[in-house]
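Its first residue numbered 17, the sequence shown is counted upward by one per residue in this note's numbering. Even glycine gets a Cβ: it sits at the ideal position worked out from N, Cα and C. Since we're looking at a predicted model, the values are computed, not measured.
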Amino acid sequence: ASKPREATFLFAGGDFNTTYNDAYIPIDVSIPATASKVELWAIITGHGGETANCAEFCDHQHAFTVGSSTYTKTHPVAGTEQGCMDAIAGGMIPNQGGTWWFGRGGWCPGQQVEPWVVDVTGDVTPGQSVTVSYQAFFNGNAPPDNAGNIRMTSYLVVYE
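Printed below as a string of structure tokens:
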């Protein structure tokens, strides 16, 4: 069985606004010739915001392009009336004050945030570099101003 041997940091989050995507320059990652599998790992959550309570309560989209393939992480339960209530069996802590039951962008109160993992082995060639880029969207468009904060960490993980 292959084991993770190296992880290359890709991108972090920030203020979700009209200039959010300006900070993300594509990164070239060298893939070792001995690589047997490559995965994209990301943890992405949205918090706060004045624009329809985005990024906490909106479905913000995060598009990572590895080589020529794009993979998009969405948050479809964000803003739903029972999105976090439906997650109680998965560890969400119920009966907190405020709006604990509403779906959120990538998280629920008290619940562990699971990484989003995508196998991108087919998009890389061992022994060569691959370009990875990232952009985020709100309703398919650039984010508006005052749309909260995206907390994100992302890596390209190589297994041998």
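| Item | Value |
| --- | --- |
| Across which residues does DSSP place Lys19 in a beta bridge pair? | In the DSSP output, where bridge partners are listed per residue, Lys19 has none listed. |
| To the nearest angstrom, how far is the alpha carbon of Gly99 from that of Asn162? | 23 Å |
| Could you say which of Asp38, Phe118, Thr61 and Pro125 lies nearest to Gly107 if we only look at CA atoms? | Pro125 |
| Along the beta strand (DSSP E) that carries Arg167, what are the first and last residues, could you check? | Asn165 to Tyr175 |
| Can you grab the Cα-Cα spacing for the pair Thr96 / Val148, in whole Å? | 32 Å |
| Measure from the alpha carbon of Ala39 to the alpha carbon of each residue in Gln144, Ser46 and Gly30, then state which is nearest. | Gly30 |
| Counting C-beta neighbours from all protein chains within 10 Å, is the total for Val136 16 or more, i.e. buried, or is it exposed? | buried |
| How long is the line joining the alpha carbons of Cys70 and Tyr36, rounded to whole angstroms? | 14 Å |
| According to DSSP, is Tyr40 part of a helix, a strand, or is it coil? | coil |
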